[in-house]
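Everything on this sheet refers to the single structure shown next.
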Amino acid sequence: MVDGYLQIHLPYHLDIVRFCFGRLIQKELDQFVFEWNSHRIRPNWMANSPAGVPNDLYHLPFLNGACDHALPISNCILDAIEAEFECREGSLVSDEQIRRSYSNSLQQTTTR
Numbered sequence: 001m002v003d004g005y006l007q008i009h010l011p012y013h014l015d016i017v018r019f020c021f022g023r024l025i026q027k028e029l030d031q032f033v034f035e036w037n038s039h040r041i042r043p044n045w046m047a048n049s050p051a052g053v054p055n056d057l058y059h060l061p062f063l064n065g066a067c068d069h070a071l072p073i074s075n076c077i078l079d080a081i082e083a084e085f086e087c088r089e090g091s092l093v094s095d096e097q098i099r100r101s102y103s104n105s106l107q108q109t110t111t112r
């Protein structure tokens, strides 16, 4: 950081933010998703979209006369996607070396 400013174009700055605030950010995102998917969408005569609760519209489309257009995906495609975007459980930092360095620094700070 230069003069205490976050520079988001630097990957290690983003890793620092993820390491320090990742769980807090995820908690806020989870809360937003829950609230958004639980709220009621009012009917709108100008929109060509159904009214209702997003979770219900998605998981129970037949309640609004819609069809479920989900398609099955083969396991080999899912495996390829997982390999491409793999993130170890509990890891919020993309670079393994940086993650180890941050973890070591955090341990040293907490043992003092």
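Counted from 1, the sequence shown has number 27 at position 27 by the UniProt record's numbering; the numbering is strictly sequential.
Where is the CB? At the ideal position from N, CA and C, for every residue including glycine.
Task: Three-way DSSP call (helix, strand, coil) for residue 22 in this model - done: Three-state result, residue 22: helix.
- [ ] Step through the CB atoms of chain B and report whether any lies within less than 8 Å of the CB of residue 76.
- [x] Chain labels in this structure do not include chain B; a single protein chain is all it has.
Open item on the list: Assuming residue 54 and residue 75 are in contact, meaning their beta carbons sit under 8 Å apart, how far apart are those beta carbons, in whole angstroms?
Closed with: The Cβ separation is near 29 Å, so there is no contact.
Open item on the list: Taking only three categories from DSSP, how would you classify residue 16?
Closed with: In the three-state reduction of the DSSP assignment, residue 16 falls in the helix class, which pools H, G and I.
Open item on the list: Tell me the residue span of the alpha helix (DSSP H) that contains residue 57.
Closed with: Counted as a single uninterrupted DSSP element, the alpha helix (DSSP H) harbouring residue 57 occupies residues 54–59.
Task: Distance between residue 46 and residue 79 (C-alpha atoms, nearest Å) - done: Their backbone Cα atoms lie some 42 Å apart in a straight line.
- [ ] Using DSSP bridges, identify the partner residues of residue 41.
- [x] Answer is 52, bridged to residue 41.
Open item on the list: Output needed for residue 3: all residues of its chain with C-beta closer than 8 Å, excluding positions within five of it in sequence on either side, in chain order.
Closed with: Answer for residue 3: no residue qualifies.
Open item on the list: Let me confirm a value: residue 18 is counted as buried when at least 16 other C-beta atoms fall within 10 Å, else exposed. Which label applies?
Closed with: By the neighbour-count criterion, in which 16 or more other beta carbons inside 10 Å mark a residue as buried, residue 18 falls on the buried side.
Task: Whole-angstrom C-beta distance between residue 64 and residue 57, which should lie under 8 Å - done: Indeed they touch by this definition, with Cβ atoms about 6 Å apart.
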